[in-house]
Amino acid sequence: MKRLTITLLAALLGGVAQAADCIPPEGFQPASSPAPLHDIIKRDAKQRVALLNVWAIWCAPCRKELPLLDNIAQDENAPLEIITLNLGDDPAVIDKIYDELHITALPRDNHGDHALLKTLGGVGLPLSVWYVDDKMIAKSAGALHDGDALVAYARCLNDNREGSQP
1 MKRLTITLLA
11 ALLGGVAQAA
21 DCIPPEGFQP
31 ASSPAPLHDI
41 IKRDAKQRVA
51 LLNVWAIWCA
61 PCRKELPLLD
71 NIAQDENAPL
81 EIITLNLGDD
91 PAVIDKIYDE
101 LHITALPRDN
111 HGDHALLKTL
121 GGVGLPLSVW
131 YVDDKMIAKS
141 AGALHDGDAL
151 VAYARCLNDN
161 REGSQP
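Residue numbers (the UniProt record's numbering): 1 to 166.
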């Protein structure tokens, strides 16, 4: 039943049917947004699949998941790009937190405001959003715990997409 629901929702999302064959990690639900990733954050796309993580200093679960995301971002062969975006904290405080947590591969200079949550359809932090080819396909409000599941999902998205290319 879960696979059927995901298949139907992915088909309705238009252009992201490749996600139908891939089961998102626990806590993620199919989603869409009229705002493509490039409208939310300026970046040099390194991967077709990206995970946007929105966080803030005051959010304890956000800080807890940063090392997990950093471990994935450190892997040059990871099948996804990890993009972190901080909501409104002082850059010096962000640097201090990154140093305390030994974060080395996540961006330090991506900032947004609380209007971004509305744009993404989020209501709280942490918020993690999957994008394929700049289009939102799934999101989760809540802490991430399983890095292997994130990488496996990204691999599946890449494999299915590549297999469906003309």
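Quick reminder that beta carbons are idealized off the backbone N, C-alpha and C, glycines included.
Query	Result
Excluding the 5 residues preceding and the 5 following Gly147 in the sequence, name in chain order all residues of the same chain whose CB lies nearer than 7 Å to its CB.	Leu68, Asn71, Ile72
Quick check on the burial criterion: 16 or more other C-beta atoms within 10 angstroms. Buried or exposed for Val49?	buried
Can you give the beta carbon distance from Tyr131 to Leu37, rounded, assuming they're within the 8 Å contact cut?	5 Å
Since His111 sits in a beta bridge, which residues does DSSP pair it with?	Asn86
Taking the alpha carbon of Val93 as the point to measure from, which residue in Ile82, Asp109, Asp133 has its own alpha carbon closest?	Asp109
Look at the Cβ atom of Glu81, then the Cβ atom of Gln29, and state whether they are nearer than 8 Å.	no
I need the straight-line Cα distance from Lys139 to Leu116, nearest angstrom please.	14 Å
Residues bridged to Ser33 by DSSP?	Partner(s): none; Ser33 has no beta bridge.
With DSSP as the reference, label Cys137 as helix, strand or coil.	The sequence shown places Ile at residue 137, not Cys. Reduced to three states, the DSSP call for Ile137 is strand.
Work out the CA separation of Asp95 and Ala31 for me, nearest whole Å.	32 Å
Counting only the same chain and skipping the five closest in sequence on each side, list residues whose C-beta sits under 8 Å from that of Asp113.	Leu87, Gly88
For Gly27, collect the residues of the same chain with a Cβ closer than 7 Å to its Cβ; drop the 5 residues on either side in sequence, then sort them by chain order.	Ser140, Gly142
Is Glu65 helix, strand or coil by DSSP?	helix
Do you know offhand how far His102's Cα is from His111's?	20 Å
Can you tell which of Asp159, Asn158, Gly124 has its C-alpha closest to the C-alpha of Cys59?	Gly124
What are the start and end residues of the alpha helix (DSSP H) that includes Val93?	91-101
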